[in-house]
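*Asks:* Okay, so the sequence shown: first residue is 9 according to the working numbering, each after it adds one.
Backbone N, C-alpha and C define an ideal beta-carbon position, used for all residues, glycine too.
These numbers come from a predicted model, not from an experiment.
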Amino acid sequence: MTVVPSAEAGATIIPEHVAIIMDGNGRWAAKRSLTRLRGHGQGAEAVREALKGCDELGIRYLTLFAFSSENWSRPVEEINHLMGLFRFFFRKEIKALCDAGIRVKFIGNTSKLPSDIQDLIEELKVRTKDNNKLVLTLALSYGSQAEIVGAMQALGEKIKAGDLSPEEIDENMVSRNLQTADLPEPDLLIRTSGEKRLSNFLLWQCAYTEFVFLDVLWPDFKKQDLLAAVEEYGSRNRRYGAL
Ligand code: FPP
Numbered sequence: 009m010t011v012v013p014s015a016e017a018g019a020t021i022i023p024e025h026v027a028i029i030m031d032g033n034g035r036w037a038a039k040r041s042l043t044r045l046r047g048h049g050q051g052a053e054a055v056r057e058a059l060k061g062c063d064e065l066g067i068r069y070l071t072l073f074a075f076s077s078e079n080w081s082r083p084v085e086e087i088n089h090l091m092g093l094f095r096f097f098f099r100k101e102i103k104a105l106c107d108a109g110i111r112v113k114f115i116g117n118t119s120k121l122p123s124d125i126q127d128l129i130e131e132l133k134v135r136t137k138d139n140n141k142l143v144l145t146l147a148l149s150y151g152s153q154a155e156i157v158g159a160m161q162a163l164g165e166k167i168k169a170g171d172l173s174p175e176e177i178d179e180n181m182v183s184r185n186l187q188t189a190d191l192p193e194p195d196l197l198i199r200t201s202g203e204k205r206l207s208n209f210l211l212w213q214c215a216y217t218e219f220v221f222l223d224v225l226w227p228d229f230k231k232q233d234l235l236a237a238v239e240e241y242g243s244r245n246r247r248y249g250a251l
């Protein structure tokens, strides 16, 4: 966590890692009598806005919940449209992400994604691996409970092989076996659209995270909304269970 004086943010405390549940694309579209698909399209624009905001505020890690493991149960037309958006965004933005010094990572069961998107994911990971201004982690086909189960299975295998005893398992070891092992825990979690749930996102990692719920629908999200959430975060007193 850093205190960065910036023109817009004053002397606001800047969180190192911000995670966002981008919610409200469908409601944004319904309010305008548009299809849900248009809402997702506009939601992709808001991702650019969030990236700009992180750049201006000096946020080092941004993690976005782009597609949950539960989203596979949506109508096939909507799933295909979202996959098309990811495909388009990854192809179109790869150069801009590199130029902006953004490293792109992925969490989730990406093996369920169409194979050409898996190829784009590999390309993005490789081409951005030396960038260090911002780490953008996209949660795709992600579910936190499944991620925790995966970590438990990995530890269980080590016990079975005789390389680990159950008593040696501690919180750090569990963290190191999650897909987020190389990320700091989120300081601030933002959910848009007024819903107040975690929806199976970063359950373990958010043990001490500050939550800010914004009434704005994700497609309307602007960098000023990020600044407002960061200011709210800065006003909180984080005690981590101590006095
Ligand atoms: C939640 O809104 C949003 C999603 C399930 C998809 C998020 C995807 C994007 C913002 C598109 C682009 C992303 C990238 C990384 C290019 P909802 O559909 O659940 O909205 P509702 O609750 O109003 O129905």
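Buried or exposed: residue 181, going by 16 or more other Cβ atoms within 10 Å of its Cβ?
*Replies:* Its Cβ having fewer than 16 others within 10 Å, residue 181 is exposed.
*Asks:* For residue 248 versus residue 220, is the C-beta distance shorter than 8 Å?
*Replies:* No; because the gap between Cβ atoms is not below 8 Å, this pair is not in contact.
*Asks:* Mind checking which residues open and close the alpha helix (DSSP H) that includes residue 56?
*Replies:* 44–65 is the span of the alpha helix (DSSP H), which, as asked, contains residue 56.
*Asks:* Which runs of the alpha helix (DSSP H) at least 4 residues long sit entirely within the stretch 80–138? Give them in chain order.
*Replies:* List check, alpha helix (DSSP H) in window: 84–107, 123–135.
*Asks:* Nearest to residue 194 by alpha carbon, out of 58, 68, 243?
*Replies:* Comparing Cα-Cα distances from residue 194 to each of 58, 68, 243, the minimum goes to 68.
*Asks:* Taking the alpha helix (DSSP H) that residue 234 belongs to, which residues open and close that run?
*Replies:* Here the alpha helix (DSSP H) through residue 234 covers 231–242.
*Asks:* In terms of alpha-carbon separation, which member of 20, 128, 143, 86 lies closest to residue 109?
*Replies:* When each option's Cα is compared against that of residue 109, the closest is 143.
*Asks:* When you compare only the Cα positions, how much space is there between residue 160 and residue 34?
*Replies:* For residue 160 and residue 34, the distance between alpha carbons rounds to 35 Å.
*Asks:* May I ask you to check if the CB of residue 149 is nearer than 7 Å to at least one heavy atom of the ligand GDP?
*Replies:* Only the ligand FPP can be found as ligands here, which leaves the ligand GDP out of the picture.
*Asks:* Take residue 56 as the anchor and find which of 29, 105, 222 has the nearest alpha-carbon.
*Replies:* Measuring from the Cα of residue 56, the nearest candidate turns out to be 105.
*Asks:* Once you ignore the five residues that flank residue 31 on each side, which residues in its own chain have a CB closer than 7 Å to its CB?
*Replies:* Around residue 31: 199, 200, 201, 203, 226.
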